[in-house]
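Numbering-wise (the working numbering), the sequence shown opens with residue -10 and increments by one.
Ideal placement from N, C-alpha and C gives every residue a C-beta, glycine not left out.
Note that the structure is a prediction, hence the values are computed from the model and not measured.
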Amino acid sequence: MELAPNSPPLTFSILIIDDSLEDRFVLQRLLHRSQSQVAFEVREAENGAHGLALCRERLPDCILLDYHLGDMDGLDLLAALNEGRNPYDDPICPVVILTGSGAVTETAVLALKNGAQDYLVKERLTSAGITLAIENAVEKVSLRQELRKAEARFRSSLENMLDCYSIYTAVRDPGNGTILDFRCEYVNEAACRENQVASDDLTGRLLDEDLLPTHQAYGRYEDYVQVVETGEPLEKIDYIYGDTVSDGGATYLEAAFSIRAWKMGDGFAVAWRNITAQKQAEELLKEGEERLIRDQKRIEAELVVIALKTAHIAEAVQRSLLLAPAPDAYPGVLVESFYQSAWDDALIGGDFFDVFAVSENVVALVVGDATGKGVEAATYTAEVKFALRAYLREHHGDLPISLRLLNNFIIDNERLDAAHTLGSYVALAVVLIDTQTGEATCCCAGAESPLILWAETREIIEASAYGPLLGASESAEYTATRHHLGMGDLIALTTDGITEARKAQSGEFFGIEGFGDALREETTDPNRSIADVESAIVSRALAWADGMQHDDICLLITKRR
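Structure below.
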């Protein structure tokens, strides 16, 4: 036995049981002369009874046992030592039998069968030989103990398995080796519970005796033969086993199993699980999913009907918001509007426009962008439009006061109206035109500034300064700017659907500059209609954005005439 470098010396306690004092002395000397890295602590017993007493007092690491003792022979002492144990598989202690040169073979065979690990002939003893025999005996017993522990752990794991588990060995024809049947060698607790039988009722029985119908029915026997003969494992998922039971009448029952089998020695091991409850749950789940799909389709159909009704309501409200007077409804000016929603299924989104008379000879031009879509947004937009009309008429066209009041209206609406769920923000641009004098008063609240195109010089200017978004701050203030429009001059209002059109690759915006350039270039022909000009400007903005419209487009162009 070799020890690791620098490890402490190993000491074996040895018990010599021999009725010959001379032989005990020789054995002691041989052990002390050993060149092994193992040291020996030696005790002696002059007969079997003394040896048993010393073993009960302190069990040695190894016993050197004389076969012929005065009071008993070595086999009797082995039997006494290993009483209640399997002397071959589970000896209490490593034993080396010592015998004379007589019937060595017969003595050795008997000793090994009765729990000895080795035997030595006294006349041939050497220090190295006896040391090697002791080391081998100790190692054999140690390995057997480890094997028993491993087997115990394995058996414990099998007994604690949720799956059923059993082991079978093949019963073969002695003549040709054909498999005739399989004998059950082991079943775990789960298999016993599943089949409602005790382990002793299954162990040793043949598979063909129909002890485990799960294995026997529907060709499983032939499958197991193939596993043993070919070594190929078997796996059967969702295997259905049916049987007829009699309980006051014949009843056919089905159970579902998952089965796995693999070759083990000249036989096979098999693990199986009753998955009937699982399959039933899966069927219930499948039925539930199908019912859910049906309900979902029904709800979707109902939602489509509701959506159509909502769309019709929204369309009715929204059309009222987009009603524009005839282009020549107001003397002295020509007004054209353009609106295009970003969504095919919506008439309008959050953008809106309005054209109305504030007082005699004063016309209001409005474009705005309110948060939200649909019926609620349309209703909210209507509130904003008509509140602005009221404030402008009440305050005789004073834009800063009217926008400040509208801002407070929006903030109060958000605070006081619990049913109002949309964010209350509105971007707005307003222009008041005196159709007789041509005076234009402009004011912005978070919207793009209106552009004025002077007909004579072709110059374009931004008509108003930027003001805060409506609904953003209670302290917001707004400033009006005034300009004079001559005959043929244009003023154009738009929301960010045009100015924020952007290229897909670079993300570059069309911008207020692009809007101004398009307005100038598309009005070079004085006879071209304003409606055509608006369509051309929108086309240029969409071309800039590679044909993609990401926001509503609202455009209002007025020409003094």
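| Asked | Found |
| --- | --- |
| Locate the alpha helix (DSSP H) running through residue 263, then write down its first and last residues. | Segment 256 to 263 is the beta strand (DSSP E) holding residue 263; no alpha helix (DSSP H) there. |
| Taking 6 Å as the cut-off, is the C-beta of residue 395 nearer than that to any heavy atom in the ligand FMN? | The model on display carries no ligand, and the ligand FMN is accordingly not part of it. |
| Can you name the residues that DSSP bridges to residue 557? | The displayed coordinates of the chain run from -10 to 550. Any statement about residue 557 would go beyond what the structure contains. |
| Which term fits residue 285, buried or exposed, when burial requires 16 or more other beta carbons within 10 angstroms of its beta carbon? | exposed |
| Given a cut-off of 7 Å, decide if residue 449 and residue 442 are closer than it, judged by their beta-carbon atoms. | yes |
| If we call anything under 7 Å between Cβ atoms a contact, is residue 84 one with residue 114? | no |
| When you compare each of 465, 461, 473, 446 to residue 452 by their alpha carbons, which one comes out closest? | 473 |
| Unbroken beta strand (DSSP E) runs of length 3 or more, entirely within the segment 2 to 58: which are they? | 27 to 34, 51 to 55 |
| Would you kindly check if the distance between the Cβ of residue 500 and the Cβ of residue 541 is under 7 Å? | no |
| Taking the beta strand (DSSP E) that residue 357 belongs to, which residues open and close that run? | 351 to 359 |
| Mind the definition here: the segment 250 to 260 touches the segment 211 to 218 only if three or more C-beta pairs lie below 8 Å; say whether that holds. | yes |
| Mapping the DSSP letters down to three states, classify residue 81 as helix, strand or coil. | coil |
| Rounded to a whole number of angstroms, what is the C-alpha to C-alpha distance between residue 516 and residue 522? | 11 Å |
| I think residue 313 touches residue 326, with their Cβ atoms under 8 Å apart; what is that distance to the nearest whole Å? | 5 Å |
| Shortest alpha-carbon distance to residue 263 belongs to which of 271, 257, 246, 347? | 246 |
| What is the residue span of the alpha helix (DSSP H) that residue 563 lies within? | In the structure as shown, the chain starts at -10 and stops at 550, and residue 563 therefore has no counterpart that could be examined. |
| Quick check on the burial criterion: 16 or more other C-beta atoms within 10 angstroms. Buried or exposed for residue 393? | buried |
| Going by the beta-carbon positions, is the gap between residue 382 and residue 345 smaller than 7 Å? | no |
| Alpha carbons only, please: which of 58, 123, 4, 48 is nearest the one belonging to residue 26? | 123 |
| Starting from the C-beta of residue 375, find all residues in its chain whose C-beta is less than 8 Å away, skip the five residues before and the five after it, and write them out in chain order. | none |
| Taking 8 Å as the threshold, find out whether the segment 104 to 114 comes into contact with the segment 148 to 168 through three or more Cβ pairs. | no |
| So does the segment 2 to 17 actually touch the segment 43 to 50, counting three or more Cβ pairs closer than 8 Å? | yes |
| Answer yes if the segment 54 to 64 comes into contact with the segment 127 to 138, meaning at least three C-beta pairs across the two stretches below 8 Å, and no otherwise. | no |
| Considering only residues of the same chain and omitting the five flanking positions on each side of residue 507, which have a CB-CB separation below 6 Å? | 526, 529 |
| Given that a residue counts as buried once 16 or more other Cβ atoms are within 10 Å of its Cβ, and exposed if not, what is residue 22? | exposed |
| Return the CA-CA distance between residue 169 and residue 210, expressed in angstroms with no decimal places. | 11 Å |
| Cβ atoms of residue 465 and residue 402: under 7 Å apart, would you say? | no |
| Should residue 320 be labelled buried (16 or more other beta-carbon atoms within 10 Å of its own) or exposed? | exposed |
| So, for residue 512: in the same chain, excluding its five sequence neighbours on each side, which residues have a beta-carbon less than 7 Å away from its beta-carbon? | 442, 479, 522 |
| Report yes if the CB atom of residue 70 is closer than 7 Å to the CB atom of residue 37, and no otherwise. | no |
| Quick check on the burial criterion: 16 or more other C-beta atoms within 10 angstroms. Buried or exposed for residue 288? | exposed |
| Would you kindly report the start and end of the unbroken beta strand (DSSP E) that includes residue 328? | 322 to 329 |
| Check whether the segment 366 to 373 touches the segment 345 to 355, counting contact only when three or more Cβ pairs, one atom from each stretch, lie closer than 8 Å. | no |
| Bridge partners of residue 111, per DSSP? | According to DSSP, residue 111 bridges with nothing at all. |
| In or out: residue 94 buried (at least 16 other Cβ within 10 Å) or exposed? | exposed |
| Could you have a look at residue 435 and say whether DSSP puts it in helix, strand or coil? | strand |
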